[in-house]
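Numbering (UniProt numbering), first residue to last: 1 to 149.
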């Protein structure tokens, strides 16, 4: 699984009024060209899974404390949410729990908790919502805070 940014950085070499070149960079939105009309229908389906609310994407945690991430997705049929760390699907274990609850016919909320947090929990997390029409995801980067006395 690869992370696709919402923006690309485009660099240009532009001459100023004195004829000197200057390097400028700008963030431009990523646009995806669909290969076929069928793929456009799939990816832009109004009933496709969409994450409508989620945690912030950068998070610094304290060792020994709890890490919590949240995702809320909508779609018809109601999406399923799957959690990943560094591209690998996460499964329940003693220190990792996922709580899910539904709202109405089309919404699911998912909260992922790690307690207690260790150095090994630093990394790149994703929540992925999917149904038969689309897949959507949000990414979160975590690192632990070093306390100095």
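By construction, the Cβ of each residue, glycine as well, lies at the ideal position given by its N, Cα and C atoms.
All of these numbers come straight from a predicted model, not from anything done at the bench.
Candidates the options, of which the one nearest residue i by Cα
i	options	result
residue 118	110, 104, 62, 48	62
residue 48	145, 74, 67	74
residue 66	116, 46, 147	116
residue 105	85, 95, 79	79
Beta-carbon gap between residue i and residue j smaller than 9 Å
i	j	result
residue 90	residue 83	yes
residue 87	residue 59	no
residue 113	residue 93	no
residue 68	residue 111	yes
Sequence-distant residues of the same chain with beta carbon closer than 6 Å to residue i, five excluded per side
i	result
residue 54	71, 138
residue 128	82, 137
residue 4	Low local confidence applies: a pLDDT of 47 at residue 4 is under 50, so the model's placement there is unreliable, and no value is given.
residue 77	131
CB-CB length for residue i against residue j, believed under 8 Å
i	j	result
residue 108	residue 81	6 Å
Beta-carbon proximity list for residue i, same chain, < 8 Å, skipping 5 on both sides
i	result
residue 51	71, 72, 73, 127, 129, 136, 137, 138
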